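In the numbering used here, the protein residues as written are 33 to 209. Glycine residues also receive a C-beta, built at the ideal position from the N, C-alpha and C atoms. Quantities reported herein were computed from a predicted structural model and do not represent experimental measurements.
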């Protein structure tokens, strides 16, 4: 996957300025494909050069802003990419290597990283639960909403699993020390 595909998707949902897109991105796709605002603006320029999006300059109170929208070639590129079949990415996490080292060193030095990650996973889990209550509680969902909810459920399960993993690892380390 690339940032360009995530941006094409976001612009298909709603055309908008780079700033509007970056803000929406932070509250949606950014949960599983993070990007800085600078990366987003740079990629919008590349997409425009490639003829996949076009921008329209608009006069505003703070100068000229560009509104971006997807061109037919951009939609086709996204459709082609969505139809691709990829292997799942390989798991790569330095914490797992450190835990393997901890098994030999037995000095409990990985505990701080585990506590830090546990706090992050618990916070993200709370954030996802708030989104779930706000956006998906007690109402029928159409297909697009159901797919978005499925993505959120994946995030909920991932964060819960990672938090539980950190708790178990901490419990094992603390028993041994």
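query = Per the contact definition of three or more C-beta pairs closer than 8 angstroms, is the stretch 186-196 in contact with the stretch 146-161?
reply = yes
query = Starting from residue 145 and walking both ways along the alpha helix (DSSP H), at which residues does that stretch end?
reply = Locating residue 145 in the chain shown gives position 113, where the first residue counts as 1. Looking at the DSSP string, the run of the alpha helix (DSSP H) that includes residue 145 is 143-168.
query = The alpha helix (DSSP H) spanning residue 58 covers which residue range?
reply = Locating residue 58 in the chain shown gives position 26, counting from the first residue. Counting along the chain, the alpha helix (DSSP H) containing residue 58 begins and ends at 50-58.
task = Identify whether residue 124 lies in helix, strand or coil by the three-state DSSP scheme.
result = Walking along the chain shown from the start, residue 124 turns up at place 92. Residue state, collapsed to three classes: coil.
key: As assigned by DSSP and simplified to three states, the class of residue 78   = For the purposes of this step, residue 78 is taken as residue 46 along the chain shown, with counting starting at 1. Three-state DSSP puts residue 78 in a helix.
key: Reduced DSSP category for residue 100 - H, G, I as helix; E, B as strand; rest coil   = Along the chain shown, one-based indexing puts residue 100 at 68. Three-state result, residue 100: strand.
query = Where does residue 89 land, buried or exposed, given buried means 16+ other C-beta within 10 angstroms?
reply = If you number the chain shown from 1, residue 89 lands on position 57. Burial call: exposed.
ask   = Can you tell me the Cα-Cα spacing of residue 96 and residue 70, whole angstroms?
value = Taking the chain shown and counting its residues from 1, the one referred to as residue 96 is at position 64. Taking the chain shown and counting its residues from 1, the one referred to as residue 70 is at position 38. Spanning the two alpha carbons is a distance of roughly 18 angstroms.
message = Nearer than 7 angstroms: is that true of the beta carbon of residue 90 relative to any heavy atom of the ligand NAD?
response = This structure simply doesn't include the ligand NAD, nor any ligand for that matter.
message = Between 166, 112 and 149, which has its C-alpha nearest residue 59's C-alpha?
response = The residue labelled residue 59 in the question sits at position 27 within the chain shown. Ranking 166, 112 and 149 by Cα distance to residue 59 puts 166 first.
request  = Report the three-state DSSP secondary structure of residue 115 (helix, strand or coil).
outcome  = Along the chain shown, one-based indexing puts residue 115 at 83. DSSP places residue 115 in coil when its eight states are reduced to three.
task = Count the other C-beta atoms from every protein chain shown that fall within 10 angstroms of the C-beta of residue 133, then say buried if there are 16 or more, exposed otherwise.
result = Residue 133 sits at position 101 when you count from the first residue of the chain shown. By the neighbour-count rule (16 or more Cβ atoms within 10 Å), residue 133 is not buried but exposed.
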